[in-house]
């Protein structure tokens, strides 16, 4: 087993149509963290353009049942959770159980930057 893993930040984000993220809208710039390792979790940095959103979804399928953590790095947004909506900004965190519907929306005029960890 390795003592540690290191990935140099490239700042290279892949621009993806948000429809690919559970039927969202707009565009999300994505950087995958440790994409070539077989860790028991996944991590991305997303930059949601103003007005962009990820579609409402949950992760409770038998083979893909896991929690998801959002940590907000920049901007202002909303997280939809079942029938609730909470406002989020820099420094906020949301840990979501598998059975809960969730969605991220950028409601600000600048980029909404969020670190997402899932598979926990």
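Residue numbers (the working numbering): -13 to 106. Glycine included, each C-beta is placed from N, C-alpha and C at the ideal position.
DSSP state of residue i mapped onto helix, strand, coil
i	result
residue 76	coil
residue -6	coil
residue 126	Residue 126 lies beyond the stretch modelled for the chain, which goes from -13 to 106, so this question has no answer here.
residue 136	This structure leaves residue 136 out entirely; the chain is present only between -13 and 106.
residue 37	coil
residue 93	coil
residue 43	strand
residue 25	coil
residue 58	strand
Start-to-end residues for the beta strand (DSSP E) that takes in residue i
i	result
residue 28	28 to 34
residue 16	13 to 19
residue 101	98 to 104
residue 85	Per DSSP, residue 85 belongs to no beta strand (DSSP E) and is neither H nor E.
residue 66	62 to 67
Euclidean distance between Cα positions of residue i and residue j
i	j	result
residue 103	residue 69	23 Å
residue 8	residue 90	11 Å
residue -3	residue 100	14 Å
residue -11	residue 36	40 Å
residue 0	residue 15	5 Å
residue 5	residue 34	13 Å
residue 57	residue 63	12 Å
CA nearest to the CA of residue i, picked from the options
i	options	result
residue 77	87, 61, 48 and 92	61
residue -7	6, 8, 4 and 17	17
residue 132	50, 59, 51 and 45	Past the edges of the chain, shown from -13 to 106, lies residue 132, and the structure says nothing about it.
residue -13	19, 23 and 75	23
residue 96	75, 88 and 82	75
residue 48	84, -5 and 94	84
residue 50	40, 38 and 27	27
Beta carbon proximity, residue i to chain D, threshold 8 Å
i	result
residue 6	Absence of chain D from the displayed structure is noted, only one protein chain being present.
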